[in-house]
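A quick write-up on the structure given underneath.
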Amino acid sequence: MFDTVLLSGVFGFGIDDAKAQEAAIAACAAVLKPGGLLVLGWNADLVTDPSRLMGITRHFGASSDAELVDRVTFRDSTHTFDFYARRRLTDGVSSESDGTRRRQYSLLEGASSHSDAHAASGHDCG
């Protein structure tokens with residue numbers, strides 16, 4: 163089991179459809195320790211936002227590391243990095259809250275900002 167998985171340059175470059183993306187997310191979840199970090203790099207012009215994938219909402223939540231934001235974007239680029247924590251399970255119930263707010267950081271803006279945008283499922287599930 164790993165503490166961190168970096169998956170970047172894959173979605174939109176061979177893993178293009180939702181079924182293949184779901185399989186990749188499930189594989190990442192399978193090798194991450196509970197609480198482990200998934201760093202997911204993707205391009206907004208090539209694929210839809212992967213935060214909407216069922217595997218993300220099922221296996222991951224917002225990172226519990228206060229130093230990390232949930233999303234980093236770059237000026238003059240469509241590349242995005244998302245940071246997710248592998249869910250911890252206690253008797254089959256997620257220990258994380260459904261009300262997680264997504265924190266975003268844009269290198270264009272140079273400062274973090276809170277957003278009310280989060281998946282209806284709250285990025286929770288086991």
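When we follow my numbering, the leftmost residue of the sequence shown carries the number 163, and every step to the right adds one. The beta-carbon is built from N, C-alpha and C at its ideal position, and this holds for glycine as well. Everything numeric in this text was worked out from a predicted model, so none of it was measured.
Item                                                                                                                                          : Value
Helix or strand or just coil, what does DSSP make of Gly174?                                                                                  : coil
Does the structure place the stretch 228-242 close enough to the stretch 186-193 that three or more beta carbon pairs sit under 8 Å?          : no
To the nearest angstrom, how far is it from the Cα of Pro196 to the Cα of Arg250?                                                             : 5 Å
Within a Cβ cutoff of 6 Å, which residues of the same chain sit near Asp244, ignoring the five residues on either side of it in sequence?     : Leu202 and Arg233
Any idea which residues DSSP pairs Phe243 with across the strands?                                                                            : Gly203 and Val234
For Val231, does the count of other Cβ atoms within 10 angstroms reach 16, so buried, or fall short, so exposed?                              : buried
Provide the residue(s) that pair with Gly223 in DSSP beta bridges, ordered along the chain.                                                   : Ala247
Buried or exposed, going by whether 16 or more other CB atoms sit within 10 Å of the CB of Phe173?                                            : buried
By Cβ distance below 8 Å, which residues in the same chain neighbour Leu215 in space, the five residues on each side in sequence not counted? : Ala180, Gln183, Glu184 and Ile187
Here's the rule I'm using: 16 or more other beta-carbon atoms within 10 Å means buried, otherwise exposed. How should Ala313 be labelled?     : The shown model of the chain, from 163 to 288, leaves out residue 313, and the question about it has no answer.
Where do the N-terminal and C-terminal ends of the beta strand (DSSP E) with Val167 fall, by residue?                                         : Phe164 to Leu169
For Glu184, report the span of its alpha helix (DSSP H) as first-last.                                                                        : Ala180 to Val193
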